[in-house]
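S.K.:
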Amino acid sequence: EEDFEWEPPSEAEMKVFQARRERQDKISKLMGDYLLKGYKMLSDCCDACGTILLQDKQKKNYCVACQELDSDIDKDNPGTYPTPSPFCTHTNE
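Going by UniProt numbering, 35 is the number at position 35 of the sequence shown; the sequence numbering is gapless.
(1) If we count the other Cβ atoms within 10 Å of its Cβ and call it buried at 16 or more, is residue 36 buried or exposed?
(2) In angstroms with no decimal places, state the Cα-to-Cα distance between residue 42 and residue 13.
(3) Got a sec, what are the start and stop residues for the alpha helix (DSSP H) residue 57 sits in?
(4) Identify, in the order they occur along the chain, each residue of the same chain with its Cβ nearer than 6 Å to the Cβ of residue 65, setting aside the five sequence neighbours on each side.
(5) For residue 59, which of 2, 23, 6, 40 has the nearest alpha-carbon?
(6) Given this structure, state the Cα-to-Cα distance separating residue 10 from residue 4, to the nearest angstrom.
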């Protein structure tokens, strides 16, 4: 048996967790807005970031995270980039 003693996350880790949570909240809000505009949610995910893709009425796929968030300030903070979602196993090929 290995002795394992749990340690709480460091302050730096907590900041990364918080940044990821805030980013996911922004993505969720934006996705909701696009769904209300008539976009469809696909079962495919963005190859670049793992976010679920949306599709407009012209059948063009759209990644909210890459198009709206990552084009802003978020690229300056690599800690905000999540690993792809384990729920996304499809690609947009």
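The beta-carbon is built from N, C-alpha and C at its ideal position, and this holds for glycine as well.
M.R.: From the atom records:
(1) exposed
(2) 32 Å
(3) Where residue 57 is concerned, there is no enclosing alpha helix (DSSP H), because DSSP gives it neither an H nor an E.
(4) 27, 49, 51
(5) 40
(6) C-alpha separation (whole angstroms): 17 Å.
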